[in-house]
Amino acid sequence: MAETAQTVDTNTPSLSEQAAEWAVCMSGEHVSPQQRTDFEAWLAQDSRHQEAYAQVETLWHSITPRKQRNHSTIKSLLGIVLLLGCLYGLPFSVWLANERTGTGEIRHITLNDGSRITLDSNSAADIAFDSRQRRIVLHRGRILADVAPESSINRPPFIIETRNGTAQALGTRYIVEQTDKDSIVAVLESQVTVANRSKPHQFVTLQAGQSIRFDSNGLQQPEAAPAFAASWTQSRLIYQNTPLDKVIDDLARYRSGYLSVNEQAAQLHFTGVLPTNDPDAALNILKNALPVRITRYGGWFVRIDKPL
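If you read the sequence shown in numbering that gives the first Met the number 0, its first letter stands for residue 0, the second for the next number, and so on.
Put into structure tokens, the structure is as follows:
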């Protein structure tokens with residue numbers, strides 16, 4: 000279904016909350032015909048409603064024995080689920096993903112067609128491979144795909160999907176990232192066709208060395224991919240004259256807690272190599288390389304600023 004930009008109404012329940020409320024309603028012993036009609040109408044409004052409801056059902060079915068399931072149990076469980084969602088800001092799709100990585104974890108996976116993927120720290124993806132499809136749905140984080148050479152003309156296309164669109168391999172070796180605001184594709188080898196979800200027939204074919212950003216509104220113009228875009232797969236980040244705010248955004252995914260950089264420090268540029276498997280050592284490298292002050296508040300909050 001096409002997605003369009005929309006403003007957020009803070010008084011409207013989130014999609015997950017709506018799905019949870021319907022799950023509680025439909026689990027009752029006495030569901031009225033009107034409630035069932037309203038529920039079916041809600042499902043039909045948007046394919047995402049069906050997906051959200053299925054995720055809620057899958058979650059509570061997986062953690063509650065059948066003989067213990069009742070209306071009050073479901074309501075309690077879904078209340079816990081919604082509370083956790085508010086606390087951690089994670090959609091059900093991340094919790095239920097086939098593959099998830101924790102903070103600082105990088106996972107290498109070989110797929111059944113011989114392709115290899117690498118999931119970055121704090122990433123989540125579903126893998127759907129069968130005779131009809133080769134599709135990876137990236138819910139969060141970053142993934143590198145090293146696609147196996149085609150051995151059959153009848154093999155389905157290799158596609159990585161984000162909430163903003165798709166990136167179909169024409170070869171190849173490429174990186175896809177799902178951020179809070181948009182999606183990014185960077186091509187390392189061969190070619191990749193990128194399409195926005197709302198306009199799937201308007202696509203761009205990227206060449207090796209190109210990258211592109213896209214969101215629910217459309218595709219931006221292709222630009223040069225970072226020279227060391229895949230360095231994170233080797234537990235290091237390599238930068239050439241890169242703004243410090245971008246460096247800190249990257250480093251934050253490998254460290255538990257919160258990294259904050261003020262406006263003056265964010266405008267500094269860094270050239271060098273940082274280890275992802277030791278974020279505190281990386282912060283010390285930045286401190287020695289740039290005129291910044293790093294203040295730690297316990298082990299969780301770190302502030303980076305430029306002394307006056």
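We put the beta carbon where it would ideally sit given N, CA and C, even for glycine.
Per DSSP, what are the beta-bridge partners of residue i in this structure?
i           : result
residue 242 : 268
residue 107 : 117
residue 99  : 123
residue 217 : 214
residue 209 : 223
residue 235 : 274
Per DSSP, what kind of secondary structure is residue i in: helix, strand or coil?
i           : result
residue 46  : helix
residue 145 : strand
residue 286 : helix
residue 83  : Residue placement at residue 83 cannot be trusted, given a pLDDT of 48 that sits under 50; what the coordinates show is reported in the next sentence. Residue 83 falls in the helix class under three-state DSSP.
residue 250 : helix
residue 293 : strand
residue 275 : coil
residue 51  : helix
residue 306 : coil
residue 178 : coil
residue 194 : strand
residue 162 : coil
residue 300 : strand
residue 230 : helix
residue 131 : coil
Assuming the contact rule is C-beta atoms closer than 8 Å, residue i and residue j should be a hit. Round their C-beta distance to whole Å, please.
i           : j           : result
residue 222 : residue 210 : 6 Å
residue 253 : residue 278 : 5 Å
residue 108 : residue 119 : About 12 Å separates the two Cβ atoms, so there is no contact after all.
residue 148 : residue 133 : Between residue 133 and residue 148 the Cβ distance is about 13 Å, and since that is not below 8 Å, they are no contact.
residue 293 : residue 282 : 6 Å
residue 184 : residue 207 : Actually they are not in contact, since the Cβ atoms of residue 184 and residue 207 sit about 12 Å apart, beyond 8 Å.
residue 301 : residue 269 : Going by Cβ atoms, the distance from residue 301 to residue 269 rounds to 16 Å, so no, they are not a contact pair.
residue 203 : residue 218 : 6 Å
residue 52  : residue 18  : 5 Å
Flag this pair as yes or no: are the beta carbons of residue i and residue j separated by less than 8 Å?
i           : j           : result
residue 264 : residue 305 : yes
residue 139 : residue 201 : no
residue 168 : residue 144 : yes
residue 244 : residue 260 : yes
residue 136 : residue 114 : no
residue 235 : residue 272 : yes
residue 191 : residue 171 : yes
residue 153 : residue 181 : no
residue 98  : residue 124 : yes
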